[in-house]
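One structure is given below, encoded as C-alpha cells.
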Amino acid sequence: MCKYHIVFTPKLSVSSFMGYLKGKSALMIFDRHANLKYKYGNRHFWAEGYYVSTVGLNDQTVAKYIREQEQHDIAMDKLSVKEYKDPFEEKGIQEENRNRRKKAK
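So for the sequence shown, my numbering puts the first residue at 894; every next one is plus one.
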C-alpha cells in the first residue's frame, strides 16, 4: 500500500474533497509560515488539478503524471510573470499606483 494514498467514503465528490483539502491545507501552511505569502502572493499554493485513480496503476504511470504536471506548472508560471509586491514597501506601492493610472487611461 502506498503511504500517500487516501481512502474515503463516497459521501463527498472527489472534486469537493480535493478543493477542501487544498484550500484548508494552504491556509494552514500560510498561517504557520507567513513568509510564503510573499513568495506566492495571489498565486495558488498547490498545483492545478489532482490525480485520482482506482487501485492497480503502476509507479511508472504515476511518475509520468507528476512529470507532466510539473511541466504544466512551469508553463503556467511563465504566463503569470507579475511578481507579488510587498505591501509594506513604499516604492512598490507607488509603482503599483502608477501602473493602475496607466491602465485606467
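Each residue gets a CB set at the ideal place from its N, CA and C atoms; glycine is no exception. Values in this document were obtained by computation on a predicted structure and should not be read as measured data.
Item: Where does E961 fall in DSSP's three states?; Value: helix
Item: Between which two residues does the alpha helix (DSSP H) containing G942 stretch?; Value: Note, G942: premise wrong, no alpha helix (DSSP H); not H, not E.
Item: Should M894 go down as buried or exposed, given a rule of 16 or more other Cβ atoms within 10 Å for buried?; Value: Residue placement at M894 cannot be trusted, given a pLDDT of 45 that sits under 50; what the coordinates show is reported in the next sentence. With fewer than 16 other Cβ atoms within 10 Å, it is exposed.
Item: For K930, which residues from the same chain have a beta carbon less than 7 Å from its beta carbon, with the 5 sequence-adjacent residues on both sides left out?; Value: F923
Item: Can you name the start and end residues of the alpha helix (DSSP H) that S908 belongs to?; Value: 907-925
Item: How is the alpha helix (DSSP H) around K930 delimited, first residue to last?; Value: 928-933
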